[in-house]
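Chains as they are written, first to last, in our numbering: chain A, 1 to 211; chain B, 1001 to 1223. Worksheet: one structure, shown below.
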């Protein structure tokens, strides 16, 4: 067999072998984020549109309540009269938006199940979103298990980190782990971040090396 | 305006409005792999964007010598999606061959499709710092092209010199940022050149700014 065909064949095989299931975690968290941004944009757009008919209802902060109010067709004092088809068009959009929100929930449940299988300890210490983001930033579960906890602490704060290395500005104290409830709620956030990063590091090492 | 040959073998140029385009003769007529512009002038040419390719950037910056000739066998370390590699394959034509190596599975997936259609390219999913693992899959080459963003770029090149024929050429693109972000690029380039001179002749070097930031392309020849 000539070298070209041999290489094509071998590459095909090693491409297949290179797949690991943590890639699905990374791709799913991307989908979840993308769905979030779609939902936010559509809600903002619908608030604008529905605001002409019912200004006070469109100021409702809870998204679920806002969407429900669209189906009640209650006109405001300040609102103008909408025709039937005007309302129906908004309701159609609201209906689809509800579907997208349900879809996002389903994706999140799938992500959680995936992480239960691949990295149960990480899921327990960091939660679905932070855990998946950490795997995403590290590139793989393997790499996340290999990097020190000080790196885990600032994953997601690369800009600040390199600014620190280059110009001597203050070092960042946390990256994506800031969203962790025991850091954002803590008095001394830097200390809390360091400790949580340490615990996450231990958890990932347990997950990866016990497989 | 018609297509003009440049002093570099297999690379052409043409004026389009006020812009000068770099071109290579398309080895797969009718087929464009990276949505690049196809230029017709009796034969078909592909536009080579210097902003996406460091070798093209060096051509725009008028490097003295490239070393790429028709019929050359090439080892391309860090081929990624195969953009530059596909133009190298245009230059070396059917008689030449390009071994494209990269170690990130995701980009090799794209590279695979390019190699499948171009008869003078082959993909390798391997780590350039471990040549013993792909030794049996390649042959001796006339040129090594290396474009990898790794800290030990020069050491990796030295490990791969075993595949280079005597007096073969090397196109090494050095990214200062990946050697050390905190240090000045000029200083790093100087150190790289000193290291290269211990084993090779440095024929020319070109700073690729503003097309590529903090990059230097070295053209070397084996002793």
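Just so it is clear, CB atoms sit at the ideal spot from N, CA and C, and this is done for glycine as well.
Need the endpoints of the alpha helix (DSSP H) that residue 129 of chain A sits in, please.
For residue 129 of chain A, the uninterrupted alpha helix (DSSP H) segment begins and ends at 128 to 138.
Should the segment 1147 to 1166 of chain B be called in touch with the segment 1026 to 1037 of chain B, which here means at least 3 C-beta pairs below 8 Å?
Judged by Cβ distances under 8 Å, the segment 1147 to 1166 of chain B makes no contact with the segment 1026 to 1037 of chain B, as fewer than three pairs qualify.
If we ignore side chains and look at the alpha-carbon of each, how far apart do residue 186 of chain A and residue 176 of chain A end up?
If you take the alpha carbons of residue 186 of chain A and residue 176 of chain A, they lie about 15 Å apart.
Using the beta-carbon of each residue, which ones in chain B are nearer than 7 Å to residue 4 of chain A?
For residue 4 of chain A, the C-beta contacts it makes with chain B under 7 Å involve 1122, in order along the chain.
For residue 26 of chain A versus residue 157 of chain A, is the C-beta distance shorter than 9 Å?
Contact flag unset, no.
Beta-carbon contacts of residue 155 of chain A that lie in its chain and below 7 Å, excluding the five residues immediately before and after:
Excluding five sequence positions before and after residue 155 of chain A, the CB atoms of its chain that fall closer than 7 Å to its own CB belong to 134, 137, 138, 175, 176, given in chain order.
With 16 other Cβ atoms within 10 Å as the buried cut-off, status of residue 172 of chain A:
That one is buried.
Quick one: grab the DSSP three-state call for residue 1150 of chain B.
It is coil, neither helix nor strand.
Grouping DSSP H, G and I as helix and E and B as strand, with all else coil, what is residue 210 of chain A?
In this structure, residue 210 of chain A counts as coil in the three-state DSSP scheme.
Compare the Cα-Cα distances from residue 1137 of chain B to each of B/1144, B/1123, B/1145, B/1129 and report the closest residue.
For residue 1137 of chain B, the closest of B/1144, B/1123, B/1145, B/1129 by C-alpha to C-alpha distance is B/1123.
Cβ of residue 11 of chain A less than 9 Å from any chain B Cβ?
It does: the Cβ of residue 11 of chain A has a partner Cβ on chain B nearer than 9 Å.
For the segment 1052 to 1070 of chain B against the segment 1188 to 1201 of chain B, do three or more pairs of beta-carbon atoms, one drawn from each stretch, fall closer than 8 Å, so that the two count as touching?
Result no; under three Cβ-Cβ pairs closer than 8 Å.
Of all the CB atoms in chain B, is at least one closer than 9 Å to the CB of residue 7 of chain A?
Closer than 9 Å: yes.
Mind listing which residues of the segment 150 to 169 of chain A have their C-beta closer than 7 Å to chain B's C-betas, in chain order?
Listed by position along the chain: 162, 165, 166.
Proximity to residue 1204 of chain B [Cα-Cα], best of B/1160, B/1217, B/1045, B/1212
When the alpha-carbon of residue 1204 of chain B is set against those of B/1160, B/1217, B/1045, B/1212, the nearest one is in B/1217.
Show which residues of chain B have a CB atom less than 7 Å away from the CB atom of residue 14 of chain A.
Neighbours of residue 14 of chain A in chain B, taken as residues at a C-beta separation under 7 Å, are given in chain order as 1125.
Between residue 1038 of chain B and residue 1118 of chain B, is the Cβ-Cβ spacing less than 9 Å?
Contact: no.
Residues that residue 1219 of chain B bridges to, as DSSP identifies them:
Looking at the DSSP output, residue 1219 of chain B sits in a beta bridge with B/1171, B/1204.
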